[in-house]
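Engineer:
Numbering (our numbering), first residue to last: 174 to 285.
(1) Starting from the C-beta of residue 205, find all residues in its chain whose C-beta is less than 6 Å away, skip the five residues before and the five after it, and write them out in chain order.
(2) Reducing DSSP to helix, strand and coil, say where residue 212 ends up.
(3) Just to confirm before moving on: does the CB-CB distance between residue 223 and residue 191 stay below 7 Å?
(4) I'd like the list of long-range same chain contacts for residue 243, defined as Cβ closer than 8 Å, with 5 residues on each side in sequence excluded.
(5) On the CB-based measure, 16 or more other CB atoms within 10 Å of its CB, does residue 262 come out buried or exposed?
(6) For residue 214 and residue 185, I'd like the C-alpha separation in whole angstroms.
(7) With a Cβ-Cβ cutoff of 7 Å, do residue 217 and residue 257 count as a contact?
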């Protein structure tokens, strides 16, 4: 009687190779995640009047506001500038995360 081919994997040697590849990919994904979490993204609004930094963990780490943009009669504008800068920095972080994961996806053999 012939050797059974479970799920097209062949024999035990092929299964071991598949497991090693899966472990390697898992390690690479973990390392990529750590690098992304440690990264910092910066964005500005109002021509640089408001500057923010966010971490790869999506935490606001710094805000710089030029005193010229602080107008007690127009607090709404300052709020809008801060919100725009924060959202842009977060968008940059998400874009970097997507790019990194998409780079790894081809090696996943269609798992994504």
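Built from N, CA and C at the ideal position, the CB exists for glycine as well.
Structural biologist: Based on what the coordinates show:
(1) 273
(2) coil
(3) no
(4) 251
(5) Classification of residue 262: buried, given that the 10 Å Cβ count is 16 or more.
(6) 46 Å
(7) no
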